[in-house]
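In full-length UniProt numbering, the protein residues as written are 1 to 367. We put the beta carbon where it would ideally sit given N, CA and C, even for glycine. All values reported here derive from a predicted model rather than from experimental measurement.
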């Protein structure tokens with residue numbers, strides 16, 4: 001979360017006999033604009049930013065809640081646990097972003113809580129949890145596609161739920177520690193640099209991995225379709241190929257990959273340019289319009305990531321159900337066909353046995 005300490009008490013210089021007031025600034029590594037001047041510059045654009053984006057994230061949270069209830073209420077014996085986990089993470093993403101934007105956007109002077117001031121540490125923790133929710137959701141969506149396609153593209157440990165849970169838990173714990181330490185010690189920018197760097201590396205790895213996995217899944221789907229066209233029983237010979245509906249979902253998830261790369265670029269731009277985190281001279285107070293444009297773009301990228309994953313998540317779960325039911329129906333058809341074949345053979349054998357004595361009797365009569 002952005003961190004800026006308020007102005008310190010004015011310093012009065014009396015050494016030269018000219019007392020004058022000089023406001024001194026204690027600005028941390030991720031500064032915020034001067035709110036009074038910035039709001040005069042933005043005018044209605046500021047209200048549009050926090051109210052409009054807050055409403056969008058609230059809608060995302062409501063959709064994730066509806067999807068979560070629908071998945072949890074499904075009558076299937078095996079609940080889609082991955083899809084439920086993804087919907088839960090998207091619910092946390094949408095609700096925390098909406099809460100921060102509606103209650104205390106960017107630690108600005110406006111606070112919509114009944115108390116006199118909004119707790120800074122609460123605002124920062126809620127704001128910081130969005131990034132782990134995004135990476136965790138993308139991680140689980142990728143894992144769900146790998147399980148759905150039944151393809152072993154990576155080492156078994158890297159493709160297991162246990163490994164994903166460990167990485168996701170580490171990211172959440174790292175974010176929590178970072179936000180608490182920065183709230184207590186504003187100059188400890190190393191924590192934020194580590195957390196931001198971890199998010200950038202993980203997002204980049206996930207995006208590249210999904211491009212690799214998506215290409216193989218799409219290629220497998222195309223081969224399955226061509227084999228079905230070539231052979232009448234191709235669907236039986238390719239029982240382990242991915243369902244054809246997965247191809248559409250993979251292509252839609254490529255939008256998430258693109259937005260993931262955009263978020264990485266924007267994060268690097270923020271660290272190196274907007275917040276100037278690596279400069280020895282310290283960070284400068286950002287200008288109003290560049291700061292608002294950057295924050296608006298990044299919030300829209302986060303919202304786009306949430307929307308694409310919210311769209312794909314329940315559909316990949318339904319694809320998994322259909323693929324299981326299709327396999328079950330294939331086995332039922334095979335069993336029914338084999339039993340019908342046996343019955344036909346038995347009936348033809350019985351009719352042959354009944355016909356042969358008649359023929360013998362007629363032969364005897366003629367004899």
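Q) What is the C-beta distance between residue 126 and residue 94, in whole angstroms, given that I count them as a contact (C-beta under 8 Å)? A) Rounded, the Cβ-Cβ distance is 12 Å, inconsistent with contact.
Q: Only counting runs of 4 or more residues, tell me where the alpha helix (DSSP H) segments fall wholly within the stretch 66-129, in order along the chain.
A: 81-103 and 120-128
(Q) Is it buried or exposed, residue 133, if we count other Cβ atoms within 10 angstroms and call 16 or more buried? (A) buried
(Q) Quick check: what's the CA-CA separation for residue 300 versus residue 180? (A) 26 Å
Q | CB of residue 113 within 8 Å of CB of residue 50, strictly | A | no
Q: List the endpoints of the continuous alpha helix (DSSP H) containing residue 37.
A: 35-42
(Q) Please report the straight-line C-alpha distance between residue 249 and residue 37, rounded to a whole angstrom. (A) 46 Å
Q: Look up residue 162 in the DSSP assignment and say whether it is helix, strand or coil.
A: helix
**Q.** For residue 258 and residue 76, the rounded distance between their alpha carbons
**A.** 34 Å
Q. With 16 other CB atoms within 10 Å as the buried threshold, where does residue 400 fall?
A. Within the shown structure, residues of the chain are numbered from 1 to 367, placing residue 400 beyond reach of any answer.
Q. Hey, out of 138, 168, 63 and 148, whose CA is closest to residue 256's CA?
A. 138
Q: Please report how far the alpha carbon of residue 246 lies from the alpha carbon of residue 149, in whole angstroms.
A: 8 Å
Q.
Measuring only the C-alpha atoms, how far is residue 35 from residue 122?
A. 20 Å
Q. In three-state DSSP terms, what is residue 285?
A. coil
Q.
I need the DSSP call for residue 272, collapsed to helix, strand or coil.
A. helix
Q. Does the stretch 205-220 come close enough to the stretch 143-160 to have 3 or more Cβ pairs within less than 8 Å?
A. yes
**Q.** Spatial neighbours of residue 312 in its chain, beta-carbon cut-off 8 Å, leaving aside the 5 residues before and after
**A.** 141, 249, 252, 253 and 256
(Q) Taking its Cβ as the centre, do 16 or more other Cβ atoms sit within 10 Å of residue 197, making it buried, or is it exposed? (A) exposed
**Q.** Contact with chain B by residue 218, beta-carbon distance below 8 Å
**A.** Annotation note: the requested chain B is absent from the structure, which comprises a single protein chain.
Q | Rounded straight-line distance, which links the Cα of residue 302 to that of residue 199 | A | 13 Å
Q. In chain order, what residues of the same chain have a beta carbon less than 7 Å from the beta carbon of residue 175, not counting five sequence neighbours either side?
A. 128, 129, 131, 132 and 195
Q. Which term fits residue 169, buried or exposed, when burial requires 16 or more other beta carbons within 10 angstroms of its beta carbon?
A. exposed
Q. How many Å lie between residue 274 and residue 296 at the Cα?
A. 14 Å
Q) In or out: residue 173 buried (at least 16 other Cβ within 10 Å) or exposed? A) exposed
Q. In this structure, does DSSP put residue 132 in helix, strand or coil?
A. helix
Q) Within this structure, are the beta carbons of residue 71 and residue 314 separated by less than 8 Å? A) yes
Q) Do you know how far the Cα of residue 177 is from the Cα of residue 63? A) 30 Å
**Q.** Close-in-space but distant-in-sequence residues of the same chain around residue 266 (CB under 8 Å, 5 per side omitted)
**A.** 294, 297, 298 and 301
Q: Give me the Cα-Cα distance between residue 52 and residue 156, rounded to the nearest whole angstrom.
A: 44 Å
Q: Using three-state DSSP, classify residue 153 as helix, strand or coil.
A: coil
Q: Within its chain, find whatever has a CB closer than 6 Å to the CB of residue 382; leave out the 5 residues flanking it on each side and keep chain order.
A: Nothing about residue 382 can be read from this structure; the chain reaches only from 1 to 367.
Q) If you drop the 5 nearest sequence neighbours on each side, which residues of the same chain put their C-beta closer than 6 Å to that of residue 97? A) 57 and 130
Q. Measuring CB to CB, does residue 310 end up less than 8 Å from residue 90?
A. yes
Q | Secondary structure of residue 32, DSSP reduced to three states | A | coil
Q) Just to confirm, are residue 203 and residue 264 a CB contact at a threshold of 8 Å? A) yes
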